[in-house]
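Take 37 as the starting number for the sequence shown in the working numbering and just add one per residue.
Input: a single structure, listed below in C-alpha coordinates.
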Amino acid sequence: MNKLLFTDIDGTLTNSKGKIPEKNIKAINRLADKGIKTVLCTGRNITKALPVAKALNINLSIVCIDGILLYDVKNKRTIHGMLLENSEAKELINIAEKFGVFAEASNGYKYYKHIHSKDQLKFDFFNSHTPIGRLKSYLGGIRYLNSYGELKKISGGYYQVTIGCDENIKKEIIEEIKSKGFENIDIRDNLWDGYIFINRKGADKSRGIDILCSKFGISPDETVSIGDDLNDLGMLEFCGTGVAMGNALDKVKKAADFVTLTNDENGFALACERFFDI
(Lines of atoms letter the chains of each structure in order from A and count residues from 1; the text may use other names and numbers.)
(Lines give C-alpha, C1' and ligand atoms only; values in the text may rest on other atoms or scores of the structure.)
Protein backbone atom coordinates (compact mmCIF):
# COMPACT_ATOMS: atom_id res chain seq x y z
CA MET A 1 0.00 0.00 0.00
CA ASN A 2 1.33 3.43 -0.97
CA LYS A 3 1.55 5.80 1.98
CA LEU A 4 3.40 8.91 0.79
CA LEU A 5 3.40 11.08 -2.34
CA PHE A 6 6.32 13.19 -3.54
CA THR A 7 5.49 15.60 -6.33
CA ASP A 8 7.23 18.15 -8.49
CA ILE A 9 5.46 21.50 -8.93
CA ASP A 10 6.13 23.11 -12.32
CA GLY A 11 4.90 21.05 -15.25
CA THR A 12 3.45 18.46 -12.86
CA LEU A 13 1.10 20.05 -10.34
CA THR A 14 0.74 23.13 -12.52
CA ASN A 15 -0.66 23.25 -16.03
CA SER A 16 1.01 24.92 -19.00
CA LYS A 17 -0.30 28.29 -17.77
CA GLY A 18 1.40 27.88 -14.39
CA LYS A 19 -1.87 27.34 -12.52
CA ILE A 20 -2.84 24.41 -10.27
CA PRO A 21 -6.03 22.86 -11.69
CA GLU A 22 -8.94 22.33 -9.31
CA LYS A 23 -8.84 18.56 -9.93
CA ASN A 24 -5.26 18.44 -8.62
CA ILE A 25 -6.22 20.36 -5.49
CA LYS A 26 -9.14 18.00 -4.86
CA ALA A 27 -6.88 14.98 -5.37
CA ILE A 28 -4.47 16.22 -2.69
CA ASN A 29 -7.39 16.90 -0.35
CA ARG A 30 -8.67 13.35 -0.87
CA LEU A 31 -5.19 11.99 -0.13
CA ALA A 32 -5.14 13.97 3.12
CA ASP A 33 -8.57 12.59 4.03
CA LYS A 34 -7.09 9.09 3.75
CA GLY A 35 -4.10 10.04 5.91
CA ILE A 36 -1.68 10.08 2.96
CA LYS A 37 0.98 12.78 3.12
CA THR A 38 1.95 14.90 0.09
CA VAL A 39 5.45 16.40 -0.07
CA LEU A 40 6.48 19.06 -2.57
CA CYS A 41 9.81 18.31 -4.27
CA THR A 42 10.84 21.24 -6.41
CA GLY A 43 13.65 23.16 -8.02
CA ARG A 44 12.09 26.32 -6.58
CA ASN A 45 13.55 28.20 -3.65
CA ILE A 46 11.71 28.50 -0.33
CA THR A 47 10.02 31.80 -1.22
CA LYS A 48 8.54 30.44 -4.46
CA ALA A 49 7.57 27.06 -3.00
CA LEU A 50 5.75 28.30 0.11
CA PRO A 51 2.72 29.83 -1.68
CA VAL A 52 2.07 26.45 -3.31
CA ALA A 53 2.24 24.67 0.05
CA LYS A 54 -0.15 27.25 1.50
CA ALA A 55 -2.60 26.95 -1.40
CA LEU A 56 -2.67 23.17 -0.96
CA ASN A 57 -2.77 23.32 2.86
CA ILE A 58 0.45 21.30 3.08
CA ASN A 59 2.35 21.78 6.35
CA LEU A 60 5.07 19.19 5.79
CA SER A 61 8.68 19.85 4.91
CA ILE A 62 9.40 20.94 1.34
CA VAL A 63 12.30 19.56 -0.68
CA CYS A 64 13.66 22.74 -2.31
CA ILE A 65 16.27 23.56 -4.97
CA ASP A 66 16.38 19.95 -6.23
CA GLY A 67 17.10 18.46 -2.81
CA ILE A 68 19.78 20.91 -1.76
CA LEU A 69 17.71 21.98 1.25
CA LEU A 70 14.66 20.87 3.21
CA TYR A 71 12.40 23.52 4.68
CA ASP A 72 10.06 22.83 7.62
CA VAL A 73 6.87 24.71 6.73
CA LYS A 74 5.25 24.34 10.15
CA ASN A 75 8.24 25.60 12.16
CA LYS A 76 9.50 28.00 9.46
CA ARG A 77 13.10 26.84 9.36
CA THR A 78 15.59 24.98 7.22
CA ILE A 79 16.15 21.49 8.64
CA HIS A 80 18.74 20.16 6.19
CA GLY A 81 20.97 22.12 3.87
CA MET A 82 24.00 21.61 1.64
CA LEU A 83 25.80 24.94 1.50
CA LEU A 84 28.73 25.57 -0.77
CA GLU A 85 31.83 26.94 0.89
CA ASN A 86 31.80 30.73 0.57
CA SER A 87 35.24 30.61 -1.03
CA GLU A 88 33.98 28.12 -3.63
CA ALA A 89 30.92 30.20 -4.45
CA LYS A 90 32.94 33.38 -4.83
CA GLU A 91 35.45 31.64 -7.08
CA LEU A 92 32.58 30.42 -9.26
CA ILE A 93 31.32 34.00 -9.52
CA ASN A 94 34.85 35.09 -10.42
CA ILE A 95 34.77 32.60 -13.28
CA ALA A 96 31.43 34.00 -14.45
CA GLU A 97 32.97 37.47 -14.36
CA LYS A 98 36.02 36.31 -16.33
CA PHE A 99 33.75 35.13 -19.14
CA GLY A 100 31.29 38.01 -18.75
CA VAL A 101 28.27 35.71 -18.50
CA PHE A 102 24.95 35.61 -16.66
CA ALA A 103 25.37 34.60 -13.02
CA GLU A 104 22.91 33.73 -10.28
CA ALA A 105 23.26 32.64 -6.67
CA SER A 106 20.67 31.31 -4.25
CA ASN A 107 20.72 31.55 -0.46
CA GLY A 108 17.64 29.34 -0.22
CA TYR A 109 15.12 32.17 0.09
CA LYS A 110 16.13 34.40 -2.79
CA TYR A 111 17.73 34.21 -6.20
CA TYR A 112 20.30 36.95 -6.75
CA LYS A 113 21.05 37.63 -10.41
CA HIS A 114 23.56 39.66 -12.34
CA ILE A 115 22.68 40.18 -16.00
CA HIS A 116 25.89 41.53 -17.47
CA SER A 117 24.53 42.54 -20.89
CA LYS A 118 21.17 42.93 -22.57
CA ASP A 119 21.52 39.80 -24.66
CA GLN A 120 21.67 37.78 -21.42
CA LEU A 121 18.02 38.54 -20.65
CA LYS A 122 17.28 35.25 -22.43
CA PHE A 123 18.71 33.46 -19.37
CA ASP A 124 16.09 35.14 -17.19
CA PHE A 125 13.11 33.77 -19.10
CA PHE A 126 10.79 33.52 -16.08
CA ASN A 127 10.62 37.32 -16.00
CA SER A 128 8.94 39.12 -18.90
CA HIS A 129 10.75 42.29 -17.73
CA THR A 130 7.55 44.29 -17.89
CA PRO A 131 6.44 46.19 -14.77
CA ILE A 132 4.14 43.29 -13.83
CA GLY A 133 6.84 40.73 -14.62
CA ARG A 134 9.36 42.52 -12.41
CA LEU A 135 6.84 42.74 -9.55
CA LYS A 136 6.08 39.01 -9.79
CA SER A 137 9.80 38.25 -9.78
CA TYR A 138 10.34 40.42 -6.71
CA LEU A 139 7.52 38.71 -4.82
CA GLY A 140 9.03 35.37 -5.84
CA GLY A 141 12.30 36.24 -4.13
CA ILE A 142 14.32 37.41 -7.12
CA ARG A 143 16.75 40.29 -6.74
CA TYR A 144 18.82 41.88 -9.50
CA LEU A 145 22.33 43.04 -8.68
CA ASN A 146 24.42 45.52 -10.63
CA SER A 147 27.74 43.71 -10.47
CA TYR A 148 29.50 40.42 -9.86
CA GLY A 149 31.00 42.06 -6.77
CA GLU A 150 27.55 42.48 -5.23
CA LEU A 151 26.82 38.84 -6.00
CA LYS A 152 29.81 37.89 -3.83
CA LYS A 153 28.35 39.76 -0.85
CA ILE A 154 24.92 38.20 -0.43
CA SER A 155 23.90 37.06 3.05
CA GLY A 156 22.73 33.63 4.14
CA GLY A 157 25.30 31.53 2.31
CA TYR A 158 25.28 29.95 -1.13
CA TYR A 159 23.24 26.87 -1.84
CA GLN A 160 23.71 27.05 -5.59
CA VAL A 161 25.51 29.12 -8.20
CA THR A 162 24.12 29.15 -11.73
CA ILE A 163 25.85 30.32 -14.88
CA GLY A 164 24.03 31.06 -18.12
CA CYS A 165 26.08 31.10 -21.30
CA ASP A 166 26.00 30.36 -25.00
CA GLU A 167 26.57 26.70 -25.82
CA ASN A 168 29.80 27.45 -27.70
CA ILE A 169 31.59 28.49 -24.48
CA LYS A 170 29.87 26.19 -21.99
CA LYS A 171 32.55 23.49 -22.22
CA GLU A 172 35.32 26.04 -21.70
CA ILE A 173 33.63 27.43 -18.59
CA ILE A 174 33.14 23.93 -17.17
CA GLU A 175 36.81 23.14 -17.76
CA GLU A 176 37.73 26.37 -15.97
CA ILE A 177 35.60 25.32 -12.98
CA LYS A 178 37.17 21.86 -12.91
CA SER A 179 40.65 23.36 -13.06
CA LYS A 180 40.08 24.93 -9.63
CA GLY A 181 40.21 21.49 -8.02
CA PHE A 182 36.94 21.69 -6.12
CA GLU A 183 36.46 18.25 -4.58
CA ASN A 184 32.96 18.49 -3.19
CA ILE A 185 30.80 20.02 -5.91
CA ASP A 186 28.58 18.75 -8.70
CA ILE A 187 28.38 20.48 -12.07
CA ARG A 188 25.03 19.89 -13.74
CA ASP A 189 24.94 21.08 -17.34
CA ASN A 190 22.27 18.80 -18.80
CA LEU A 191 19.10 20.24 -17.25
CA TRP A 192 18.55 23.24 -19.53
CA ASP A 193 20.43 24.35 -22.64
CA GLY A 194 22.89 27.12 -21.87
CA TYR A 195 22.85 26.65 -18.08
CA ILE A 196 25.44 25.33 -15.64
CA PHE A 197 24.20 24.56 -12.13
CA ILE A 198 26.87 24.16 -9.44
CA ASN A 199 26.06 22.85 -5.97
CA ARG A 200 27.33 20.62 -3.18
CA LYS A 201 28.03 17.05 -4.31
CA GLY A 202 25.17 14.62 -3.79
CA ALA A 203 22.31 17.10 -4.07
CA ASP A 204 19.27 15.43 -5.62
CA LYS A 205 15.55 15.28 -4.93
CA SER A 206 16.01 11.63 -3.93
CA ARG A 207 18.28 12.75 -1.07
CA GLY A 208 15.50 14.83 0.44
CA ILE A 209 13.03 12.00 -0.06
CA ASP A 210 15.34 9.56 1.72
CA ILE A 211 15.60 11.89 4.73
CA LEU A 212 11.84 12.38 4.95
CA CYS A 213 11.07 8.68 4.52
CA SER A 214 13.28 7.99 7.53
CA LYS A 215 11.57 10.78 9.47
CA PHE A 216 8.09 9.40 8.72
CA GLY A 217 9.11 5.77 9.20
CA ILE A 218 7.96 4.87 5.69
CA SER A 219 9.88 2.68 3.25
CA PRO A 220 10.67 4.24 -0.16
CA ASP A 221 8.91 1.17 -1.61
CA GLU A 222 5.66 2.55 -0.17
CA THR A 223 6.01 5.92 -1.90
CA VAL A 224 5.00 7.39 -5.25
CA SER A 225 6.73 10.28 -7.02
CA ILE A 226 5.43 12.31 -9.95
CA GLY A 227 7.55 14.56 -12.18
CA ASP A 228 8.27 15.76 -15.69
CA ASP A 229 11.84 17.03 -16.04
CA LEU A 230 15.43 15.79 -15.82
CA ASN A 231 15.81 16.98 -12.23
CA ASP A 232 13.02 14.53 -11.34
CA LEU A 233 14.89 11.45 -12.54
CA GLY A 234 16.47 10.71 -9.15
CA MET A 235 13.18 10.72 -7.28
CA LEU A 236 11.33 8.70 -9.92
CA GLU A 237 13.97 5.99 -9.68
CA PHE A 238 14.24 6.14 -5.86
CA CYS A 239 10.55 5.82 -5.00
CA GLY A 240 8.63 2.58 -5.17
CA THR A 241 6.56 3.93 -8.06
CA GLY A 242 7.81 6.67 -10.36
CA VAL A 243 5.22 8.44 -12.51
CA ALA A 244 6.13 10.64 -15.48
CA MET A 245 3.73 13.26 -16.76
CA GLY A 246 2.53 12.96 -20.34
CA ASN A 247 4.36 16.21 -21.06
CA ALA A 248 7.62 14.88 -19.60
CA LEU A 249 10.83 14.53 -21.58
CA ASP A 250 11.32 11.16 -23.26
CA LYS A 251 14.24 10.32 -20.97
CA VAL A 252 12.01 10.90 -17.94
CA LYS A 253 9.23 8.74 -19.39
CA LYS A 254 11.67 5.89 -20.00
CA ALA A 255 12.82 6.01 -16.37
CA ALA A 256 9.27 5.96 -14.99
CA ASP A 257 7.12 2.98 -14.03
CA PHE A 258 4.04 4.67 -15.43
CA VAL A 259 3.27 7.58 -17.76
CA THR A 260 0.12 9.53 -16.99
CA LEU A 261 -1.67 12.20 -19.04
CA THR A 262 -0.20 15.68 -19.52
CA ASN A 263 -0.40 18.57 -17.07
CA ASP A 264 -3.18 20.06 -19.20
CA GLU A 265 -5.18 16.80 -19.03
CA ASN A 266 -5.23 16.38 -15.23
CA GLY A 267 -2.47 13.79 -15.39
CA PHE A 268 -1.47 14.44 -11.78
CA ALA A 269 -4.98 13.75 -10.44
CA LEU A 270 -5.24 10.63 -12.60
CA ALA A 271 -1.98 9.25 -11.15
CA CYS A 272 -3.19 9.92 -7.61
CA GLU A 273 -6.43 8.06 -8.30
CA ARG A 274 -4.58 5.11 -9.82
CA PHE A 275 -1.89 4.61 -7.21
CA PHE A 276 -3.68 5.69 -4.03
CA ASP A 277 -7.18 4.45 -4.81
CA ILE A 278 -8.91 7.76 -4.10
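Note that CB positions come from ideal geometry on N, CA and C, so glycine has one too.
query, result
"Which residues mark the beginning and the end of the beta strand (DSSP E) in which Cys100 is found?", "98-100"
"Which partner residues does Tyr194 have in the DSSP bridge list?", "Leu120"
"Return the first residue and the last residue of the beta strand (DSSP E) that Arg151 is part of.", "A quick correction: the sequence has Ile, not Arg, at residue 151. First-last for Ile151: undefined, no H or E at that position."
"Taking only the alpha-carbon atoms, compute the straight-line gap between Phe233 and Ile199 and give it to the nearest angstrom.", "7 angstroms"
"What residue from Gly79, Ile205, Lys90, Lys237 has the CA that sits closest to Phe218's CA?", "Lys237"
"So, for Asp102: in the same chain, excluding its five sequence neighbours on each side, which residues have a beta-carbon less than 7 angstroms away from its beta-carbon?", "Gly79, Ala239, Asp240, Lys241, Asn267"
"Over what stretch of residues does the beta strand (DSSP E) that includes Leu227 continue unbroken?", "Neither: Leu227 is in no beta strand (DSSP E) and is coded neither H nor E."
"I'd like to check one pair, Ala284 with Asp264: are the Cβ atoms closer than 7 angstroms?", "yes"
"Could you give the C-beta distance for Phe135 and Ile209, rounded to a whole number, given that I count them as a contact under 8 angstroms?", "6 angstroms"
"Do you know how far the Cα of Asn51 is from the Cα of Pro57?", "7 angstroms"
"So the candidates are Asp44, Asn93, Cys308, Lys90; which of them puts its Cα closest to the Cα of Leu76?", "Asp44"
"Could you spell out where the alpha helix (DSSP H) holding Thr83 opens and where it closes?", "82-91"
"Report yes if the CB atom of Asn95 is closer than 7 angstroms to the CB atom of Lys112, and no otherwise.", "no"
"If I'm right that Lys146 touches Ile178 with Cβ under 8 angstroms, what's the distance once you round it to whole angstroms?", "7 angstroms"
"Should the stretch 290-304 be called in touch with the stretch 57-67, which here means at least 3 C-beta pairs below 8 angstroms?", "yes"
"Can you give, in chain order, each stretch of the beta strand (DSSP E) that sits fully within the stretch 159-191 and has at least 3 residues?", "178-180"
"Give a yes or no on whether the C-beta atoms belonging to Ile98 and Ala85 are separated by under 7 angstroms.", "yes"
"Can you grab the Cα-Cα spacing for the pair Ala280 / Val288, in whole Å?", "6 angstroms"
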